[in-house]
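**Student:**
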Amino acid sequence: MDFQDLVDTPQKVKTLAGTVAVLVAFPIYFAAMPSLIDDDMIGGGSPGLAGSLKISFNESVISLEESVVLEDGETHETLFVLITEPNMNIGYVELQVSCFDNDDPGPGFTDSVEGASDLSELDGIEDQTAEGQCSGGDSGFTMRWDITDNYTGTEYTEEGGSESEIRDRWTDGGLGRGTWAAMLTADVNSPPAPVIGQIIDSDEEFDITWTAVTYIVIVEVV
Ligand SMILES: [Ca+2]
Ligand SMILES: [Ca+2]
Numbered sequence: 004m005d006f007q008d009l010v011d012t013p014q015k016v017k018t019l020a021g022t023v024a025v026l027v028a029f030p031i032y033f034a035a036m037p038s039l040i041d042d043d044m045i046g047g048g049s050p051g052l053a054g055s056l057k058i059s060f061n062e063s064v065i066s067l068e069e070s071v072v073l074e075d076g077e078t079h080e081t082l083f084v085l086i087t088e089p090n091m092n093i094g095y096v097e098l099q100v101s102c103f104d105n106d107d108p109g110p111g112f113t114d115s116v117e118g119a120s121d122l123s124e125l126d127g128i129e130d131q132t133a134e135g136q137c138s139g140g141d142s143g144f145t146m147r148w149d150i151t152d153n154y155t156g157t158e159y160t161e162e163g164g165s166e167s168e169i170r171d172r173w174t175d176g177g178l179g180r181g182t183w184a185a186m187l188t189a190d191v192n193s194p195p196a197p198v199i200g201q202i203i204d205s206d207e208e209f210d211i212t213w214t215a216v217t218y219i220v221i222v223e224v225v
């Protein structure tokens, strides 16, 4: 195929002209618009612009604590209204309920607690249920919702990415603002016949902690 074949119809002539125009326009475009080019596309030789990117997270923790004493079968609704600064993302939200049943006359009648979230006010976040024994150590239960996928808050460095890609990755998508609610139900166990002179276990105290870890992404050239 020679040049004549390329230009033997009006359509081919137009296509060829378009191709040449793009080839000419591109270097001018990049020369005129350096601010549109990602720093790491410029390559070596530009101190302060090229190199690895360090991604870190400036965290703020928002928390709410309350305690409640419940009898057997009694329920308690706990509420956590989460409002963030406009530029903050939510990494994750945790609900921790702890208890320690130490008011039985002897072993074998450990209290427990059940929990069910009600996130009907929050779009796009799944409800959870959990339960746990009040038996010391790792007692009660914890629910956790990851609002930003894979968020740990751990600093890292990256080669070859762009800042906008990184900022797109570290976002909560606007989820999680509003009222977080959960219902607790106590299961209090005590010996069927009270031992004379001993205290009967009739209730249990629950410590409730809501925690939201929020962050701002910081991207630096290193
Ligand atoms: Ca008990
Ligand atoms: Ca108890």
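To get our numbering, take the position in the sequence shown, counting from 1, and add 3. Don't be surprised by glycine CBs; every beta carbon is placed ideally from N, CA and C. Quick caveat: nothing in here was measured; it's all calculated off a predicted structure.
1) Ile221 and Ser115 - do their beta-carbons sit closer together than 7 Å?
2) Quick one: does the C-beta of Asn105 sit closer than 6 Å to a heavy atom of ligand 4?
3) Compare the C-alpha of Tyr245 against each of Ser205, Glu74, Ile65 and Pro89 and name the closest.
4) Quick check on DSSP: helix, strand or coil for Ile86?
5) What do you reckon, is the C-beta of Asp206 under 6 Å from a heavy atom of ligand 1?
6) When the Cα of Thr132 is compared with those of Pro195, Leu187 and Asp210, which residue comes out closest?
7) List, from N- to C-terminal side, the alpha helix (DSSP H) runs of 4 residues or more that fit wholly inside the region 120-197.
8) Assign Val97 to one of three DSSP states: helix, strand, or coil.
9) In angstroms with no decimal places, state the Cα-to-Cα distance between Cys137 and Gly177.
10) Can you name the start and end residues of the beta strand (DSSP E) that Asp206 belongs to?
11) Taking DSSP as the reference, what is the three-state secondary structure of Asn92?
12) Would you call the CB atoms of Glu69 and Ile211 closer than 7 Å?
13) State the DSSP-derived secondary structure class of Phe103, mapped to helix, strand or coil.
14) For Tyr159, is the classification buried or exposed, using 16 other Cβ atoms within 10 angstroms of its Cβ as the cut-off for buried?
15) Contact criterion: CB-CB distance below 7 Å. Does Thr160 meet it with respect to chain B?
16) Alpha carbon to alpha carbon, what distance is there between Gly163 and Thr313?
17) Determine the DSSP secondary structure at Ser55, reduced to helix, strand or coil.
**Tutor:** In this structure, then:
1) no
2) In the structure on display, ligand 4 does not appear, and the ligands it does have are ligand 1 and ligand 2.
3) Here the chain comprises residues numbered 4 to 225, so residue 245 is not present and cannot be evaluated.
4) Note: Ile86 maps to coil in three-state DSSP.
5) Not one heavy atom of ligand 1 is found less than 6 Å from the C-beta of Asp206.
6) Of the candidates Pro195, Leu187 and Asp210, the one whose C-alpha sits nearest the C-alpha of Thr132 is Leu187.
7) 166-172
8) Looking at the sequence provided, one finds Glu at residue 97 rather than Val. If DSSP states are grouped into helix, strand and coil, Glu97 belongs with the strands.
9) 36 Å
10) Asp206 to Val224
11) strand
12) yes
13) strand
14) exposed
15) Within the model displayed, chain B is absent; a lone protein chain is all it includes.
16) In this structure the chain extends from 4 to 225, so residue 313 is not present and cannot be described.
17) Three-state result, Ser55: coil.
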